[in-house]
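Visitor: Starting off with a structure, shown below.
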Amino acid sequence: MVRVSSSSSDALGDFAGRPFRPWASGSVATVTRVPVAEQGHDTPGLRGRRARALTSVALPGLLVAIVALLLLPGLFIGPSLDATIFSTVGWRLAAGDALYAEVWEHKPPGVFIPYTVAHLLTDTPRVAWATVWSVTLACIVGAALAVRSLLMQEGASPGAAGIAAALAGVGSSSYLVSLGGGMSESFAVLPLAVAVSLACRGHWIASGVAAGTAIAISFQSLPVLAAIAAVGLARDAGLTLGRAARVTGGVLVVAGAVTAGVWLNGGLAEAADALVAYPSAYVAVARRAGGALAWGLLPWTVLVLLPLLLGVGLALVHRHRLASSRAAGAAAAWILLAIVLIGLQGRFYAHYATPLAIPLSILAGLGIDAARRTLPRRGSTALLGIPFGAALLLSLAVGAVGARDEQEPVRASNRRAEAIAAAVRERTDPGDAIFVWGNDSRVYELADRRPATRYVYLYPLLTQQYATGGVMEDVLAAFRSARPSVVIDSGSIAEGQPGLPPLLIDRPVATDGRDLDLLDPMRDVITRDYRLAEVVEGWPLYVPASP
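Take the sequence shown: its letters are residues -3 to 543, numbered as in this note's numbering.
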């Protein structure tokens, strides 16, 4: 530490109010080094260092607590529909099946890694789910901290960056958006945040690798490429060919590794079918009929993300005072392309918005930082805290109401799956195959019985333009070859209630646009060869009519 003295009172005035220039005319400055012992323990610099040290420890802990609390229902209720399918696929991959070729799903392969590892570590489904849930927690917290680091790197204040990180964590982990964990978008938020941060630092290849990793987990991550391009364009007159090539190279490294892995596993053609042919058919169905049913979640999602949107509003109002126009432009490009992508898909589910928490929080942090610098210092906390507090309370209330409606079907489905899995274990041997007429694939995992076909749920077999006669012939051949020991009809909550096309007990069809019934040949086989044995929690269980 140094002590500065001057023979001129004007120089002291300069030091107090303007940049100190000891060489300025009319002043003679002397610099005296003050011993550490005389500095005391309450200097502004030391207080600042203590505050930063406290923040570096307290903020991650606070984020872990907030995100864990919001995700907690998922840990106890169990996985949602999509997460149960991912879990079933991961369980089969851990058992040695080839992805796409022997167990079918239309998601990129990266989403199955946490599930496969979890099933390799334990044979207990509940422990495997807790492991995946913990990975979700780590990814969301890591993404929030990456947002904070990016904002501070771009010149935002530590306080604004910390608030943005907290808002990112809350927005990503609300049950309505995260469905309690295990979703592909929740895993992707960490590499997404890292990709933009690396781009802002000029690490183009690494940014491309991070972006490619996110895309290999969820196709909803594709808009991050617009953000990276915007960062490149902001660095000088334009995105140079070299930078674009390095980003592209990073993405291709991941794409090449994924393609090689799928090819070595013998499922490359099936992967193209699952990742290209099925999504095209799915989008066509959504545009014709299904989309109108799903768009009802949009207002709920907007309210859940309200604190982030309020911060974005501040960024728009103070757009000329933002600490980083580069980061703001990247976030805006990301959001615009994401909206276009969702529109092209023809339907909206709340978990599609999970990756958007990253660009929204970046803009929110920049907006909060700009607003704090323009407001009176003493009143800025109240002027910003009151509306953000109200928005956060409204967001949590709406999220709780929406979560209740989402959680009840998940809780009921997991309860029924556990009950009927116990009945299946009593009636079958460990090497037997079973078949679930429905989308509750977790029955396979809980019963520890292999699926009779590579389709562990029925949605793809009810999708027009995909479920062709050739697909059904292959499914029927696999079904006959496997000779399932039991068949479970999980297509509706209870007998007579609306659901998937009926098996042997008639019921009305609850359509979401995928009600094409090409399953008559399989229904005919089951009608001829199976009989009703019992009904467990509303789900009929059929066994062979003769030994």
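Cβ coordinates follow ideal geometry from the N, Cα and C atoms, glycine included.
For the pair the region 147 to 161 and the region 348 to 362, tell me if three or more CB-CB distances fall below 8 Å.
Guide: The answer is yes - the region 348 to 362 touches the region 147 to 161, with three or more Cβ pairs under 8 Å.
Visitor: Assign residue 495 to one of three DSSP states: helix, strand, or coil.
Guide: Strand at residue 495.
Visitor: Just the C-alpha distance for residue 222 and residue 230, rounded to the nearest angstrom, thanks.
Guide: About 12 Å.
Visitor: Is the beta carbon of residue 432 closer than 8 Å to that of residue 486?
Guide: Yes, these two residues count as a Cβ contact at 8 Å.
Visitor: Is the CB-CB distance between residue 172 and residue 441 below 8 Å?
Guide: No, the pair does not count as a contact, with Cβ atoms beyond the cut-off.
Visitor: Which residue or residues does DSSP assign as beta-bridge partners of residue 391?
Guide: In DSSP, residue 391 forms no bridge with anything.
Visitor: Name the two residues that bound the continuous beta strand (DSSP E) containing residue 485.
Guide: From DSSP, the beta strand (DSSP E) with residue 485 extends over 482 to 485.
Visitor: Under a Cβ-count criterion, where at least 16 other Cβ atoms within 10 Å of its own Cβ denotes burial, should residue 266 be classed as buried or exposed?
Guide: It is buried - the Cβ of residue 266 has at least 16 other Cβ atoms within 10 Å.
Visitor: Looking at residue 383: is its Cβ nearer than 8 Å to the Cβ of residue 306?
Guide: Yes, these two residues count as a Cβ contact at 8 Å.
Visitor: Are the region 166 to 183 and the region 329 to 339 in contact at 8 Å, needing three or more beta carbon pairs?
Guide: Judged by Cβ distances under 8 Å, the region 166 to 183 makes no contact with the region 329 to 339, as fewer than three pairs qualify.
Visitor: So the candidates are 152, 164, 76, 105; which of them puts its Cα closest to the Cα of residue 561?
Guide: A query on residue 561 cannot be resolved here, the shown segment of the chain reaching from -3 to 543 and no further.
Visitor: For residue 292, which option in 345, 252, 247, 323 has the closest C-alpha, if you only look at C-alpha atoms?
Guide: Of 345, 252, 247, 323, the residue nearest in Cα terms is 345.
Visitor: List the endpoints of the continuous alpha helix (DSSP H) containing residue 560.
Guide: No answer is possible for residue 560: the residues shown for the chain start at -3 and end at 543.
Visitor: Could you work out which residue in 503, 534, 450, 532 is closest to residue 97 when comparing CA atoms only?
Guide: Here the closest residue by C-alpha is 450.
Visitor: Which stretch, first to last residue, makes up the beta strand (DSSP E) that contains residue 300?
Guide: Taken as a continuous stretch (DSSP letters only), residue 300 belongs to no beta strand (DSSP E), being part of the alpha helix (DSSP H) at 293 to 300.
Visitor: Less than 8 Å between the C-beta atoms of residue 179 and residue 377, yes or no?
Guide: No, the Cβ-Cβ distance between residue 179 and residue 377 is not below 8 Å.
Visitor: Are there 16 or more other CB atoms within 10 angstroms of the CB of residue 27, so buried, or fewer, so exposed?
Guide: Any reading at residue 27 needs caution, since the residue's pLDDT is 42, under 50, leaving its predicted position unreliable; the model's value is listed next. Answer is exposed; the Cβ neighbour count stays below 16.
Visitor: For residue 96, which of helix, strand or coil comes out of DSSP?
Guide: Residue 96 falls in the coil class under three-state DSSP.
Visitor: Can you tell me which of the three DSSP states residue 258 falls into?
Guide: Here residue 258 sits in helix by DSSP.
Visitor: With a cut-off of 8 Å, do at least 3 Cβ pairs link the region 180 to 198 to the region 416 to 432?
Guide: No: the two stretches stay apart, fewer than three of their Cβ pairs being nearer than 8 Å.
Visitor: So residue 530 is in the beta strand (DSSP E); what residue range does that whole segment cover?
Guide: Unbroken beta strand (DSSP E) run through residue 530: 526 to 532.
Visitor: Please report how far the alpha carbon of residue 34 lies from the alpha carbon of residue 53, in whole angstroms.
Guide: Annotation note: pLDDT 41 at residue 34 (below 50); position unreliable, coordinate value reported separately. If I take the Cα positions, the gap works out to 29 Å.
Visitor: May I ask you to report which of helix, strand or coil DSSP gives residue 563?
Guide: One cannot answer for residue 563 here, as it falls past the ends of the chain, which runs -3 to 543.
Visitor: According to the Cβ coordinates, are residue 80 and residue 437 closer than 8 Å?
Guide: Yes, Cβ-Cβ distance for residue 80 and residue 437 is below 8 Å.
Visitor: DSSP has residue 430 in a bridge; who is on the other side?
Guide: Paired residue(s): 447, 482.
Visitor: Report the option in 70, 281, 140, 121 whose CA atom is closest to the CA atom of residue 461.
Guide: Measuring from the Cα of residue 461, the nearest candidate turns out to be 281.
Visitor: What number of angstroms, rounded off, separates the C-alpha of residue 203 from the C-alpha of residue 184?
Guide: Each residue's Cα considered, the two are about 14 Å apart.
Visitor: Please name the residue, chosen from 447, 453, 493, that lies closest to residue 477 on a Cα-to-Cα basis.
Guide: Residue 477 has its Cα closest to that of 447, out of 447, 453, 493.
Visitor: Alpha carbon to alpha carbon, how far is residue 130 from residue 85?
Guide: For residue 130 and residue 85, the distance between alpha carbons rounds to 19 Å.
Visitor: Pull up the DSSP beta-bridge partners for residue 538, would you.
Guide: DSSP, once it has assigned bridges, lists 483, 528 as partnering residue 538.
Visitor: Does the count of Cβ pairs from the region 245 to 254 and the region 194 to 213 closer than 8 Å reach three?
Guide: Segments in contact, yes.
Visitor: In three-state terms, what does DSSP make of residue 523?
Guide: Of the three classes helix, strand and coil, the one that applies to residue 523 here is helix, per DSSP.
Visitor: Where does residue 32 land, buried or exposed, given buried means 16+ other C-beta within 10 angstroms?
Guide: With a pLDDT of 40 at residue 32, under the threshold of 50, the predicted position of this residue should be treated as unreliable, though the coordinate-derived value follows. Classification of residue 32: exposed, given that the 10 Å Cβ count is below 16.
Visitor: Assuming contact is defined by CB atoms lying nearer than 8 Å, are residue 213 and residue 107 in contact in what I supplied?
Guide: The answer is yes: Cβ separation under 8 Å.
Visitor: Pull the bridge partners of residue 488 from the DSSP assignment, please.
Guide: In DSSP, residue 488 forms a bridge with 495.
Visitor: Under a three-way DSSP split, which group does residue 452 fall into?
Guide: Three-state DSSP puts residue 452 in coil, outside helix and strand.
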